[in-house]
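Novice: Here it is: the structure, laid out below.
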Amino acid sequence: MLFFGYGIYLYEREAALKFTLMHSFFLSLECMLTGYPADAYEDYMPTTWPGKFMCIFALCWGLFLFALLIDYVHSNMQLDDGEVCLVGLLNG
Numbered sequence: 276m277l278f279f280g281y282g283i284y285l286y287e288r289e290a291a292l293k294f295t296l297m298h299s300f301f302l303s304l305e306c307m308l309t310g311y312p313a314d315a316y317e318d319y320m321p322t323t324w325p326g327k328f329m330c331i332f333a334l335c336w337g338l339f340l341f342a343l344l345i346d347y348v349h350s351n352m353q354l355d356d357g358e359v360c361l362v363g364l365l366n367g
């Protein structure tokens with residue numbers, strides 16, 4: 276998140292005067308969680324193309340991390356051999 280936030284800050288700091296480093300970190304986190312890089316009033320929406328691409332990369336990284344979380348939970352929810360045998364005996 277910090278990497279993408281700093282990248283967004285580098286590209287957007289001269290395009291918008293109100294754009295600070297903390298706003299760019301928040302924007303990067305918002306891209307990772309929701310996929311939409313803007314606040315309700317669109318004061319901190321990226322305007323430059325490199326800034327928009329950094330938001331897209333932050334979105335893809337957030338999706339990748341979410342996929343890793345889902346895979347981890349899925350692998351821990353699988354039954355081991357003893358549990359499969361027990362379920363077979365209970366259903367049988």
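Numbers in this note's numbering are just positions in the sequence shown, counted from 1, shifted up by 275. Yeah, the Cβ is synthetic: ideal placement off N, Cα and C, and Gly gets one too.
(1) Just mark residue 333 as buried or exposed, buried being the case when its beta carbon has 16 or more other beta carbons within 10 Å.
(2) Below 8 Å between beta carbons: does that hold for residue 326 and residue 283?
(3) Tell me whether residue 293 sits in a helix, a strand or coil according to DSSP, three-state version.
(4) Residues in its own chain within less than 6 Å of residue 360 by CB, not counting five upstream and five downstream?
(5) Within 10 angstroms of the Cβ of residue 289, are there 16 or more other Cβ atoms? Answer buried if so, exposed if not.
(6) So residue 320 packs on residue 286, CB below 8 Å; how close in whole Å?
(7) Looking at the structure shown, is residue 276 part of a helix, part of a strand, or coil, going by DSSP?
Specialist: According to the structure data:
(1) By one-based count along the sequence shown, residue 333 stands at place 58. Looking at its Cβ environment, which holds 16 or more other Cβ atoms inside 10 Å, residue 333 is buried.
(2) Residue numbering aside, residue 326 sits at position 51 when the sequence shown is read from its first letter. Residue numbering aside, residue 283 sits at position 8 when the sequence shown is read from its first letter. In contact: residue 326 and residue 283 (Cβ atoms closer than 8 Å).
(3) Position 18 of the sequence shown, counting from 1, holds the residue named residue 293. In the three-state reduction of the DSSP assignment, residue 293 falls in the coil class, being assigned neither a helical nor a strand state.
(4) The residue you call residue 360 lines up with position 85 of the sequence shown. Nothing listed; no residue qualifies.
(5) For the purposes of this step, residue 289 is identified with residue 14 of the sequence shown, where counting begins at 1. That one is exposed.
(6) Here the question's residue 320 lines up with position 45 in the sequence shown. Here the question's residue 286 lines up with position 11 in the sequence shown. Actually they are not in contact, since the Cβ atoms of residue 320 and residue 286 sit about 13 Å apart, beyond 8 Å.
(7) Reading the sequence shown from its first residue, position 1 is the one you call residue 276. Note: residue 276 maps to coil in three-state DSSP.
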